[in-house]
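Numbering (the working numbering), first residue to last: 509 to 779.
Right, here's the structure in full:
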């Protein structure tokens with residue numbers, strides 16, 4: 509006769525061992541663990557699962573924020589989606605006050621090659637969050653510059669600081685103000701030049717690369733001097749980011765005058 513200590517773990521016990529607090533589980537993942545819809549319904553009756561939508565569950569009375577839902581997208585549904593831009597920088601400890609339409613934004617990004625849509629349940633469950641989805645293959649080598657950030661008992665994939673600031677510049681001026689991003693970039697004194705080099709060589713946006721190198725130069729970042737500019741393709745022709753703005757001869761682009769921003773001044777004499 510088996511004692512309590514030697515009994516085979518039940519499916520619910522195995523599930524609770526694998527399931528981090530603060531996260532959502534989806535029915536597709538439950539079925540991979542051998543838990544059918546019918547069995548999940550039984551677990552609801554016993555209050556081991558709390559449904560928060562069709563085929564999605566949390567632990568009873570668990571507190572879930574948007575990162576716990578992103579965990580489900582990344583780890584359970586295997587969606588090629590990550591937290592990027594200003595959101596990633598904030599999670600890495602770089603404070604910022606960049607807002608859109610008066611609200612703090614959560615930026616979720618995916619490449620064109622990820623054809624699957626974000627599930628309806630995610631949008632409904634996260635309706636109270638100000639989430640913007642960006643679909644753009646910004647780098648030919650998509651897997652460059654990611655970081656798994658630990659949160660409570662789980663982790664989510666986010667952009668490294670190097671990748672995130674490049675994403676921020678891509679989002680200007682349509683979504684983010686260039687002056688705000690410039691202030692944010694000025695704080696990034698310890699970026700890794702080797703990773704920056706790889707990212708800039710793989711970046712598909714000429715506008716973004718020109719903006720990045722211009723700001724890096726005028727802000728006199730030490731890592732800028734370690735970049736091999738000859739290997740970074742900046743394209744040809746003029747780029748007008750802000751019509752009627754300030755023309756930067758070296759980078760053949762027109763931008764807003766950053767010196768007009770209150771409390772911010774740059775010396776562009778050498779560019």
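Even glycine gets a Cβ: it sits at the ideal position worked out from N, Cα and C. The structure presented is a predicted model; accordingly, all values stated were derived computationally and were not measured.
Residue j and residue i - do their beta-carbons sit closer together than 8 Å?
i	j	result
residue 584	residue 533	yes
residue 531	residue 576	yes
residue 674	residue 590	no
residue 616	residue 633	no
residue 553	residue 519	no
residue 535	residue 545	yes
residue 541	residue 523	yes
residue 701	residue 652	no
Going by Cα to Cα distance, which pick from the options is closest to residue i?
i	options	result
residue 621	539, 648, 522, 633	648
residue 537	674, 650, 563	563
residue 671	696, 688, 687	696
residue 650	633, 619, 550	619
residue 582	754, 657, 728	657
residue 638	573, 702, 752, 753	573
residue 728	699, 753, 754	699
residue 766	726, 746, 558	726
residue 742	711, 733, 687, 731	711
residue 567	539, 527, 540	527
residue 737	598, 596, 722, 746	722
residue 626	598, 613, 602, 586	586
residue 613	623, 635, 628	635
residue 644	623, 755, 753	623
Can you list, in chain order, the residues of its chain with a C-beta nearer than 7 Å to that of residue i? Leave out the 5 residues immediately preceding and following it.
i	result
residue 750	681, 762, 763, 764
residue 510	For residue 510, the predicted structure reports a pLDDT of 38, less than 50, and the residue's modelled location is therefore unreliable. The matter cannot be settled from this model.
residue 744	none
residue 557	548, 551, 565
residue 752	none
Based on the DSSP output, what are the partners of residue i in its beta bridges?
i	result
residue 558	566
residue 640	615
residue 748	762
residue 656	665
residue 711	647
Closer than 6 Å by C-beta to residue i: which residues in its own chain qualify, once you throw out the five before and the five after it? Chain order, please.
i	result
residue 600	669
residue 654	665
residue 513	Residue confidence for residue 513 is low, a pLDDT of 44 falling below 50, so the modelled location carries little weight; the figure read from the coordinates is stated next. None.
residue 629	561, 564
Say the cut is 7 Å; is the CB of residue i nearer than that to a heavy atom of the ligand NAP?
i	result
residue 633	By its list of ligands, the structure shown contains no ligand whatsoever, and the ligand NAP lies outside what it can speak to.
Can you name, in chain order, every residue of its own chain whose Cβ lies under 8 Å from the Cβ of residue i, other than the five neighbours on each side?
i	result
residue 713	646, 678
residue 571	530
residue 730	697
residue 610	Legend: pLDDT at residue 610 = 49, less than 50; position of this residue unreliable, value from coordinates given subsequently. Same-chain partners within the cutoff: there are none.
Inter-stretch contact (C-beta, 8 Å, three-pair minimum) for the region 687-694 and the region 652-662: Three or more Cβ pairs closer than 8 Å define a contact, and the region 687-694 falls short of that threshold against the region 652-662.
Cβ contact (3+ pairs, closer than 8 Å) linking the region 699-708 and the region 676-691: no
Contact between the region 713-721 and the region 752-761 (3+ Cβ pairs under 8 Å): yes
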